[in-house]
Every structure is written in structure tokens, then in C-alpha cells.
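Here the structure is laid out as C-alpha cells; the discussion comes afterwards.
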Amino acid sequence: MKKTSILILSAFISTGFTTEYIGTGVGTIPDSVAACGTMPASVRTVSFNVSGEASILRDLNINLQLSHTWLGDVSAKLIAPDATELILFSRTGAVSATDCGDGSILQGDYIFGDTATSNWWIEANGVINGVAIPSNLSYRTSEAGGAGQTNPAPLTSLIDTFKNINSIDGVWQLELSDWASGDTGSISSASLFLETAIFYNGFE
Numbered sequence: 015m016k017k018t019s020i021l022i023l024s025a026f027i028s029t030g031f032t033t034e035y036i037g038t039g040v041g042t043i044p045d046s047v048a049a050c051g052t053m054p055a056s057v058r059t060v061s062f063n064v065s066g067e068a069s070i071l072r073d074l075n076i077n078l079q080l081s082h083t084w085l086g087d088v089s090a091k092l093i094a095p096d097a098t099e100l101i102l103f104s105r106t107g108a109v110s111a112t113d114c115g116d117g118s119i120l121q122g123d124y125i126f127g128d129t130a131t132s133n134w135w136i137e138a139n140g141v142i143n144g145v146a147i148p149s150n151l152s153y154r155t156s157e158a159g160g161a162g163q164t165n166p167a168p169l170t171s172l173i174d175t176f177k178n179i180n181s182i183d184g185v186w187q188l189e190l191s192d193w194a195s196g197d198t199g200s201i202s203s204a205s206l207f208l209e210t211a212i213f214y215n216g217f218e
């Protein structure tokens, strides 16, 4: 399912289209059966069927409705149709291979995009174990936690990662995984927002 809006950026340069794609395959994130930092055996995959998009990707955002009782367990990764991928967040707060990471919880809607002003790791650091990281905020994506990572982890960029993919059309995937046993969670909805453009007069 998709919803489209139009943004005229310049009468002589480009017309921008923003489309919302609703993810399918939401549900429980498979719990790990091992200690903190162990690669999970299975993942929850949410799919976005993208079609009819213009050739230039200008921006993208993703909105996730998540719940989980230990934030540091969770990893979320976006994968384009050509297999280009970017971690949205992963093992938040973990700075060693076996670190269990941040003990705050996920409960609500979380938006990720390059124009966001909130830092995922800093917001997690600001709440105590068992309290939800603030929802209904826009967050920057960040590197995965783990061996040798700093706290907060460096920020990353959605558009820098995906702007040169071979084709915007196709199946985009969101992979959610759990890196430690015990605490559990789920994803109940996901929306991928793609802003594309058609350029005129030789502008690219």
C-alpha cells in the first residue's frame, strides 16, 4: 500500500514526490537463545513493495512502532532492492562484544531520518533502565554498538547510503533482530517514506 504527495521544488528544475509505503510482515521479533552480543539465528523481516518511483532519490524516512523490554538487545537494518543496507540502530549502548547495552525500553513510534535533531544513543543515555526512550521524536541513524564502539556511537546518513542505488523500485526490507535472550519485543507497524524527483533541462 502506498500514499503519494507532490512537492514542486522548482518550476524549472524538479518536481518532488513523497510516497508512503506501508510495511507487511510485522509481528514478534524472534528472541535470541544466547548471551548478549551473540548473532541471532533468525530475524523479523518487514517488506515494503515499492513501484512507480522517479529516478532520483532525494530523501527517505522510516517510521517504526516498536515495543521491547531491553533496547540494547535490538538491531534494526534497512535493505534496498539492490542489497545496499544501513543499520538504523543496533545494540544501543554496547561498547564491547558481550556488553548487554542500554536497559531502557522501546514503547511507541520512532522516526528515523537525516533531518532529525535527536540522537538515539544520547536519548537512551538520558533514561534509566525500564523506562521508555522518548517516542514520537525524529532520530538520526547511528552505527551499531559492540566491540570498540564509543558512546554515543557515530551518526550515519540514510540518503548518503541509498542515493546511488541501482533502482528505487522493488522490495525494500527492514530486518529486526534480538541479540540476547530473555527480554522480548515486537514491531506492530512500519512506514517507509521515499521522496523522489524527476529532473528537467539537464539538471541531475
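Heads up: the sequence shown begins at 15 in the working numbering, then just goes up one per residue.
Just so you know, even glycine gets a beta-carbon here, dropped at the ideal spot from N, CA and C.
Thinking just about the alpha-carbon of each residue, which of the options is nearest to the one in residue i?
i	options	result
I36	A211, T210, S203 and I212	S203
L221	E34, V40 and G159	An answer regarding residue 221 cannot be provided, because it is not within the stretch 15 to 218 covered by the chain.
T98	D174, L169 and D197	D174
T129	L74, V57, S191 and D192	L74
C114	T32, N178 and D192	D192
A94	L190, I179 and T198	I179
G159	S200, L85, V109 and S149	V109
Per the DSSP calculation, residue i is bridged to which residue(s)?
i	result
S81	Q121 and S200
G41	I201
K91	I101 and E189
I70	A211
My output table needs one value for residue i: the three-state DSSP class, helix, strand or coil.
i	result
A211	strand
L151	coil
G86	helix
A138	helix
T32	strand
T59	strand
I179	coil
Against chain B, with Cβ distances strictly below 8 Å, would residue i count as a contact?
i	result
A146	Among the protein chains of the structure shown there is no chain B, as only one such chain exists.
Where does residue i land, buried or exposed, given buried means 16+ other C-beta within 10 angstroms?
i	result
I76	buried
A194	buried
Are the stretch 173-189 and the stretch 64-82 touching, with three or more C-beta to C-beta distances below 8 Å? Yes: the two stretches touch, three or more of their Cβ pairs being nearer than 8 Å.
Are three or more beta carbon pairs between the stretch 117-131 and the stretch 77-89 nearer than 8 Å? The stretch 117-131 vs the stretch 77-89: in contact.
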